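Taking it in order: structure first as structure tokens, then the write-up.
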Amino acid sequence: MLGMLVVSALTACTQPMYSGIDIAQTDGDVDAEITVDGVRLTHGRVVIIEAQLRSSTEEQFDALNQGWLRSANEDIVQIHPTVYNFGYALIGAGPGRTDLEIVVDDQVQDTRSVTVVEAR
Amino acid sequence: MNMDDRSRWVRRALVGVVLALGCGESGPPRGELGLASFLWICDEGADYGCGRDRFPDDIAVGSTFEAGFDVARDGVRAGYGRRVEGASPTWIGPAEDGTGITARAEGEVALLAVGGGTLIDFTMVDLHEVSRVGLRRPAEEAPDCLEDDDKNEREDQWDDDGDEPEPCMPGGILDRSEDPDAPFTILEIEPQTARLLEAIPLSGSLPLAGRFDYTWTSLDPTRLVVSPRERGRVWLDFRGPELAELQVTTNDASYVVGVRAPASDEVPDPHRTGGRDVDPCSVCSSFRR
Chain A
1 MLGMLVVSAL
11 TACTQPMYSG
21 IDIAQTDGDV
31 DAEITVDGVR
41 LTHGRVVIIE
51 AQLRSSTEEQ
61 FDALNQGWLR
71 SANEDIVQIH
81 PTVYNFGYAL
91 IGAGPGRTDL
101 EIVVDDQVQD
111 TRSVTVVEAR
Chain B
1001 MNMDDRSRWV
1011 RRALVGVVLA
1021 LGCGESGPPR
1031 GELGLASFLW
1041 ICDEGADYGC
1051 GRDRFPDDIA
1061 VGSTFEAGFD
1071 VARDGVRAGY
1081 GRRVEGASPT
1091 WIGPAEDGTG
1101 ITARAEGEVA
1111 LLAVGGGTLI
1121 DFTMVDLHEV
1131 SRVGLRRPAE
1141 EAPDCLEDDD
1151 KNEREDQWDD
1161 DGDEPEPCMP
1171 GGILDRSEDP
1181 DAPFTILEIE
1191 PQTARLLEAI
1201 PLSGSLPLAG
1211 RFDYTWTSLD
1221 PTRLVVSPRE
1231 RGRVWLDFRG
1241 PELAELQVTT
1251 NDASYVVGVR
1261 APASDEVPDP
1271 HRTGGRDVDP
1281 CSVCSSFRR
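Right, here's the structure in full:
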């Protein structure tokens, strides 16, 4: 129901509702490092993050289920929803650098850099 | 996120997981998220990971395996997934024959339990190159045998008569050595007796899970008759009395072990071959007990 409401609202609005994204790590996993510039994680490993999209009215929406968050290159990083509310698994599928894209109205509104590095 | 949220999402995720009766080996929950138990699924192949009480940590590069997962809620099995994925194709990929997945390269990688597009849980495994092959009696045939790593506890395992327990790997460990001077491994069997053995892939002394196909060949069929059995095992019927050679081939690597009657006090000639010339590098073995 929430998804339907959001989609409807997006369609009706001429101004994108998107105003930002909050990304945070859910635990102390050392396989990832999250900064204001983006996410750095290890090839072959998984990190669970919380990602919430904020609307212009400061509402928070589930990103992945509504298609607002995607990987620009799934050979480098993949995103899976998890059983946690607003929780997503970032999977280091291959070394390299790509973006998490925040997509609204089929337009990339913002990105967060993701770097997948080999294990030390 | 609070516990109510978490419980709600667990319930939602479980809807996407196929309910089924699973098979294979299970163990205590070990997923990093604490939501699933990972299952090592066994068939008729030779696999050290089968018959164990827990999901293996260490898997052989080049081996094939199948894994699934169990999701339990309130102590009751609530879901089952037959398929586990690797986090990266660098290390884990589909098996060429379509049965399960193959470990491709050394390293540490996450295995993912995915149901209905949702990541339920994951677990880390270490993949190792096989450096040696061990020959051992199947565990059910020798439950009290002495593992090679148990040498320090050897005296504690002597029975009431003061007899030392038999080693689990009476055939020793076969190295993939390039040293042409490396001596053969010698397996001692009383003539006119048979012995059941299985091969275990090793990284150093670390046994590795994963399915391999083994081909057993007697290089001296008049003195040694081999009869392959299920799960990669072999019956050796040693008729003796002279040295016979047994070749084990797996994953494009061959190892040769010598079979002979129990040695007397004399020191065996490591290059004794029963009168035949053998390419020493193809033997690739060393004596170790």
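Chains A and B, in that order, are what the protein sequence lines are.
At position 16 of the first sequence the residue is numbered 16 (this note's numbering), and the sequence of numbers has no breaks.
At position 165 of the second sequence the residue is numbered 1165 (this note's numbering), and the sequence of numbers has no breaks.
Ideal placement from N, C-alpha and C gives every residue a C-beta, glycine not left out.
The structure presented is a predicted model; accordingly, all values stated were derived computationally and were not measured.
Could you check how far apart the C-beta atoms of Ala1194 (chain B) and Leu1236 (chain B) are, in whole angstroms? I think they sit under 8 Å. Start at 1 with the first residue of the second sequence, and residue 1194 (chain B) comes out as number 194. Start at 1 with the first residue of the second sequence, and residue 1236 (chain B) comes out as number 236. Contact flag correct, Cβ pair sits at about 6 Å.
Of the residues B:Asp1220, B:Val1133 and B:Leu1187, which one's Cα is nearest the Cα of Ala1253 (chain B)? Taking the first residue of the second sequence as position 1, residue 1253 (chain B) is located at position 253. Selected option, being the one with the closest Cα: B:Val1133.
Which residues in chain B have a C-beta closer than 7 Å to the C-beta of Arg45 (chain A)? List them in chain order. Start at 1 with the first residue of the first sequence, and residue 45 (chain A) comes out as number 45. Under the 7 Å cutoff, chain B gives Ala1087 and Ala1110.
Whole-Å CB distance - His80 (chain A) paired with Leu1119 (chain B), under 8 Å assumed: Reading the first sequence from its first residue, position 80 is the one you call residue 80 (chain A). Reading the second sequence from its first residue, position 119 is the one you call residue 1119 (chain B). So it is a contact: roughly 4 Å between Cβ atoms.
Buried or exposed: where does Gln107 (chain A) fall if 16 or more other Cβ atoms within 10 Å of its Cβ makes it buried? Residue mapping note: residue 107 (chain A) aligns to position 107 of the first sequence, counting from 1. With fewer than 16 other Cβ atoms within 10 Å, it is exposed.
Taking the continuous beta strand (DSSP E) assigned at Arg112 (chain A), which residues delimit it? Along the first sequence, one-based indexing puts residue 112 (chain A) at 112. Note, Arg112 (chain A): beta strand (DSSP E), Gln107 to Val117.
9 Å is my cut-off, CB to CB: does Val83 (chain A) come that close to chain B? As a first step, residue 83 (chain A) must be located in the first sequence, where it is residue number 83. At a cut-off of 9 Å between C-beta atoms, Val83 (chain A) counts as an interface residue with respect to chain B.
Considering only residues of the same chain and omitting the five flanking positions on each side of Asp1179 (chain B), which have a CB-CB separation below 6 Å? Taking the first residue of the second sequence as 1, we reach residue 1179 (chain B) at position 179. With a pLDDT of only 48 at Asp1179 (chain B), under 50, the local geometry of the prediction cannot be trusted, and the value read off the model is given with reservation. Taken in chain order, the list of residues that qualify is empty.
Rounded to whole angstroms, what's the CA-CA distance from Leu41 (chain A) to Thr98 (chain A)? Just pull it up for me. Taking the first sequence and counting its residues from 1, one reaches residue 41 (chain A) at position 41. Taking the first sequence and counting its residues from 1, one reaches residue 98 (chain A) at position 98. Each residue's Cα considered, the two are about 12 Å apart.
Tell me whether Thr1102 (chain B) is buried or exposed, calling it buried when 16 or more other Cβ atoms sit within 10 Å of its Cβ. Locating residue 1102 (chain B) in the second sequence gives position 102, where the first residue counts as 1. Burial call: buried.
Pairwise C-alpha distance: Trp1091 (chain B) and Glu1129 (chain B): Residue 1129 (chain B) sits at position 129 when you count from the first residue of the second sequence. Residue 1091 (chain B) sits at position 91 when you count from the first residue of the second sequence. Roughly 12 Å separates the two Cα atoms.
Bridge partners for Ser1037 (chain B) per DSSP, in chain order? Walking along the second sequence from the start, residue 1037 (chain B) turns up at place 37. DSSP lists B:Asp1070 as partners of Ser1037 (chain B).
Residue range of the unbroken beta strand (DSSP E) whose run includes Arg1260 (chain B): Here residue 1260 (chain B) refers to the residue found at position 260 when the second sequence is read from its first residue. Residues Ala1253 to Arg1260.
Any C-beta of chain B under 9 Å from that of Val114 (chain A): Residue numbering aside, residue 114 (chain A) sits at position 114 when the first sequence is read from its first letter. Judged by the 9 Å Cβ criterion, Val114 (chain A) is not in contact with chain B.
Of all Cβ atoms in chain B, is any one closer than 9 Å to the Cβ of Ile49 (chain A)? As a position in the first sequence, residue 49 (chain A) is number 49, starting the count at 1. Ile49 (chain A) does not count as touching chain B.
According to the neighbour-count rule (16 or more other Cβ atoms, all chains shown, within 10 Å of its Cβ), is Ser1227 (chain B) buried or exposed? In the second sequence, the residue the question calls residue 1227 (chain B) occupies position 227. By the 10 Å Cβ count, Ser1227 (chain B) comes out exposed.
Using 9 Å as the threshold, is the C-beta distance between Val1248 (chain B) and Thr1215 (chain B) below it? In the second sequence, residue 1248 (chain B) corresponds to position 248, counting from 1. In the second sequence, residue 1215 (chain B) corresponds to position 215, counting from 1. Result yes, Cβ atoms of Val1248 (chain B) and Thr1215 (chain B) sit closer than 9 Å.
When the distance is taken between beta carbons, is Thr1123 (chain B) closer than 9 Å to Asp1097 (chain B)? In the second sequence, residue 1097 (chain B) corresponds to position 97, counting from 1. In the second sequence, residue 1123 (chain B) corresponds to position 123, counting from 1. Cβ atoms of Asp1097 (chain B) and Thr1123 (chain B): not closer than 9 Å.
Buried or exposed (CB count within 10 angstroms, at least 16 for buried), Thr1056 (chain B): In the second sequence, counting from the first residue as 1, residue 1056 (chain B) sits at position 56. It should be noted that the sequence gives Pro, not Thr, for residue 1056 (chain B). With 16 or more other Cβ atoms within 10 Å, it is buried.
Using a Cβ-Cβ distance cut-off of 9 Å, determine whether Phe1038 (chain B) contacts chain A. Here the question's residue 1038 (chain B) lines up with position 38 in the second sequence. No, Phe1038 (chain B) lies away from the interface with chain A (no Cβ there is under 9 Å from its Cβ).
Any chain B beta carbon closer than 9 Å to Ala72 (chain A): Within the first sequence, the letter at position 72 stands for residue 72 (chain A). So, not an interface residue.
Measuring alpha carbon to alpha carbon, tell me which of B:Glu1066, B:Arg1231, B:Ala1113 and B:Asp1126 ends up nearest Ser1203 (chain B). Your numbering for residue 1203 (chain B) matches position 203 in the second sequence. Nearest option by C-alpha distance: B:Asp1126.
Span separating the alpha-carbon of Asp1058 (chain B) from that of Thr82 (chain A): Against the second sequence, residue 1058 (chain B) aligns to sequence position 58. Against the first sequence, residue 82 (chain A) aligns to sequence position 82. Asp1058 (chain B) and Thr82 (chain A) have their alpha carbons spaced roughly 26 Å apart.
For Val114 (chain A) and Val39 (chain A), believed in contact at Cβ under 8 Å, the rounded distance: Your numbering for residue 39 (chain A) matches position 39 in the first sequence. Your numbering for residue 114 (chain A) matches position 114 in the first sequence. The pair is a contact, with the Cβ atoms about 5 Å apart (cut-off 8 Å).
Pull up the CB-CB distance for Pro1207 (chain B) and Ile1200 (chain B), whole angstroms please, since I reckon it's below 8 Å. Here the question's residue 1207 (chain B) lines up with position 207 in the second sequence. Here the question's residue 1200 (chain B) lines up with position 200 in the second sequence. Rounded, the Cβ-Cβ distance is 5 Å, consistent with contact.
My output table needs one value for Glu1190 (chain B): the three-state DSSP class, helix, strand or coil. Within the second sequence, residue 1190 (chain B) is the residue found at index 190, counting from 1. Coil, per DSSP.
Under three-state DSSP, which class holds Arg1132 (chain B)? To locate residue 1132 (chain B), count along the second sequence from 1; it is residue 132. Reduced to three states, the DSSP call for Arg1132 (chain B) is strand.
Name the residue from B:Glu1066, B:Gly1232 and B:Arg1229 whose alpha carbon lies nearest to the alpha carbon of Gly1093 (chain B). The residue you call residue 1093 (chain B) lines up with position 93 of the second sequence. Residue B:Glu1066 is the option with its Cα nearest to Gly1093 (chain B).
Would the beta-carbon of Leu1112 (chain B) fall within 9 Å of that of Val1071 (chain B)? As a working mapping, residue 1112 (chain B) is identified with position 112 in the second sequence. As a working mapping, residue 1071 (chain B) is identified with position 71 in the second sequence. No.
According to DSSP, is Gly1232 (chain B) part of a helix, a strand, or is it coil? The sequence position of residue 1232 (chain B) within the second sequence is 232, counting from 1. In this structure, Gly1232 (chain B) counts as helix in the three-state DSSP scheme.
Going along the region 82-105 of chain A in order, which residues come within less than 9 Å of chain B, judged by CB to CB distance? Only those residues of the region 82-105 of chain A whose C-beta falls short of 9 Å from the nearest C-beta of chain B are listed: Thr82, Val83, Tyr84, Asn85, Phe86, Gly87, Tyr88, Ala89, Ile91, Gly92, Ala93, Gly94 and Pro95.
Please say whether Glu74 (chain A) and Pro95 (chain A) have beta carbons closer to each other than 9 Å? Within the first sequence, the letter at position 95 stands for residue 95 (chain A). Within the first sequence, the letter at position 74 stands for residue 74 (chain A). In terms of Cβ geometry, Pro95 (chain A) and Glu74 (chain A) do not form a close pair [threshold 9 Å].
Do you know how far the Cα of Gly1031 (chain B) is from the Cα of Arg1104 (chain B)? Along the second sequence, one-based indexing puts residue 1104 (chain B) at 104. Along the second sequence, one-based indexing puts residue 1031 (chain B) at 31. Here the C-alpha atom of Arg1104 (chain B) lies approximately 22 Å from the C-alpha atom of Gly1031 (chain B).
State the DSSP-derived secondary structure class of Arg1195 (chain B), mapped to helix, strand or coil. Mapped onto the second sequence, residue 1195 (chain B) falls at position 195. Strand at Arg1195 (chain B).
Determine, for Glu1032 (chain B), whether the minimum Cβ-Cβ distance to residues of chain A falls below 9 Å. Along the second sequence, read from residue 1 onward, the residue named residue 1032 (chain B) stands at position 32. For Glu1032 (chain B), the nearest beta carbon of chain A is closer than 9 Å to its own beta carbon.
Between Trp1216 (chain B) and chain A, is there a C-beta pair that is closer than 9 Å? Taking the first residue of the second sequence as 1, we reach residue 1216 (chain B) at position 216. No, no contact with chain A.
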